[in-house]
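Written out below as C-alpha cells is the structure these notes cover.
Number of protein chains: 2
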Amino acid sequence: MNIGDAARASGLPVKTVRYYADIGLVRPNGRSESGYRNYGRAEVSKLVFARRARSFGFSVEQTRELLGLYEDRSRSSADVKRIARERLSELEAKMQELQALHDELAHLVDACRGDHRPDCPIIDGFAGGDVSR
Amino acid sequence: MNIGDAARASGLPVKTVRYYADIGLVRPNGRSESGYRNYGRAEVSKLVFARRARSFGFSVEQTRELLGLYEDRSRSSADVKRIARERLSELEAKMQELQALHDELAHLVDACRGDHRPDCPIIDGFAGGDVSR
DNA sequence: ATACGGTCTCCAGCAACTGGAAAGTCAATG
DNA sequence: CATTGACTTTCCAGTTGCTGGAGACCGTAT
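Chain order of the listed sequences is A and B.
Counting from 0, one number per residue, gives the positions in the first sequence under numbering that gives the first Met the number 0.
Counting from 0, one number per residue, gives the positions in the second sequence under numbering that gives the first Met the number 0.
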C-alpha cells in the first residue's frame, strides 16, 4: 500500500501522512526497492486514530503517547488504563463543550425566521451564552 | 473590565485575547485613558464563543464569519441562517467522530483488566477501528 | 516612595502542517 | 520502446495560531 492509498484510507492528506512519518508518529511498514513508503492495515488504523485524536485537540505528543500504548507491549496494563482514563475524562469534557456550542447555534438557527429582515435573533442570542470554561 | 478579567471570564489566556484583538477577531470595547483594553459582557460572550469554535477545529476565519453574523445587522437573516446551518451540520459530524473516539477508548479501558500483565487488550482494540472519514 | 501585579508594544519562536520545486518511479498506451 | 501522466521522493520555504520574553508604563497598597 503506497502513501496515497494510506492517505485515502485514513482520511488524511498525503502531506500529513508523510509529515507523521518524518516525526515518527506513524512510521510506514518499510520502504519499497525504490524508496516508496509502505503502509499496511495496522498503520492505517494508527493513522485513523491519530486523525481523530488530533481533530479533537489532542496534541501530537498526547497522540504519540496513546499510540505508544499500542506499540509498547512491555508497559503494564494498569499504566495503560490510567492514561486512557485520563484521556477519557478529557474527551467527556470536550463532548460537553461541543454540545454547548451545538445547542447555542441550533437555538439561534431555530429562533431565526430565515427571511430577509435584518434583525435576526441569532444576533442577540449570543449575548446570553454560558461563560464557564 | 480589563484584559485579565476578560481572559478569566472567557477561559482564554491573556495573550490569546490580545492576539484576537490584534487580528480583529474580538475587538475590545475601547481603550482606557492609559491605553488599557476595555471588555464588556458582549465581548466576553464573543470570546467564549470563539474559544469553543476554535477548540473544535473551526479556523479563525470561520469563527470570524460566525462572529460576523453577530455584528453585521444589515446581513439578511436567510444568509445568517444558511451559514449557521452549514456549521451546524459540521458540528454534528464532529460530535459523531468524538463519540466514536470516546467509545473506542471507553471500550478499551473496560476490556483492560488493569493489572500488571503486559497483554492489555487496549493494544489490540486499536487495530479494528473504523476507517471512514 | 516604593513595591507589586497588571498592562502595554514589539519581536522571536514554536507546533503542526501546507505548498511548491525538481527529480525519480511505474503502469499504460501509441 | 518511447513517452505520457499520475504518483512518489526530498528539501525548503511559508502559513496559521498562538506563546514566551524583554523592557517600559500604569495603578493600587502599604
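Think of the CB as a built atom: it goes at the ideal place given N, C-alpha and C, for glycine as much as any other residue.
Residues of chain B with a CB under 9 Å from the CB of residue i: which are they?
| i | result |
| --- | --- |
| LEU24/A | Within chain B, no residue comes near LEU24/A; the closest Cβ sits about 14 Å away, beyond 9 Å. |
For residue i, which residues in chain B fall below 7 Å Cβ to Cβ?
| i | result |
| --- | --- |
| ILE96/A | Here the sequence assigns Glu to residue 96/A, which means Ile is not the residue at that position. What GLU96/A touches in chain B: ARG51 and SER54. |
The alpha helix (DSSP H) with residue i in it runs from where to where?
| i | result |
| --- | --- |
| ARG53/A | 40-54 |
| SER9/A | 2-9 |
| VAL25/B | Neither: VAL25/B is in no alpha helix (DSSP H) and is coded neither H nor E. |
I want to verify the contact list: residues of chain B whose CB lies under 8 Å from the CB of residue i, in sequence order.
| i | result |
| --- | --- |
| ALA99/A | ARG51 |
Using a Cβ-Cβ cut-off of 8 Å, state whether residue i counts as contacting chain A.
| i | result |
| --- | --- |
| ARG86/B | yes |
| LYS14/B | no |
Ordered along the chain, which non-local residues of its own chain (more than five positions away) have a Cβ less than 7 Å from that of residue i?
| i | result |
| --- | --- |
| ALA0/A | According to the sequence displayed, residue 0/A carries Met and not Ala. So the qualifying residues of the chain are ASN37, TYR38 and GLY39. |
| LEU11/A | LEU46 and ARG50 |
| ALA20/B | ARG26, PRO27 and ARG36 |
| GLY158/A | This structure leaves residue 158/A out entirely; chain A is present only between 0 and 132. |
| VAL43/B | ALA5, ALA8 and SER9 |
In chain A, which residues lie less than 7 Å from residue i when you measure between Cβ atoms?
| i | result |
| --- | --- |
| ALA6/B | In chain order: nothing, as chain A lies at least about 11 Å away. |
Is the Cβ of residue i closer than 8 Å to any Cβ of chain B?
| i | result |
| --- | --- |
| TYR35/A | no |
Spatial neighbours of residue i within its chain, please: C-beta separation below 8 Å, excluding the five flanking residues on both sides.
| i | result |
| --- | --- |
| SER73/B | Residue placement at SER73/B is flagged as unreliable, the pLDDT there being 49, under the threshold of 50; the coordinate-derived value follows with that caveat. Same-chain partners within the cutoff: there are none. |
| ARG30/B | ARG36 and ASN37 |
| VAL59/B | ILE22, LEU24 and ARG53 |
| GLN61/B | ALA52 and ARG86 |
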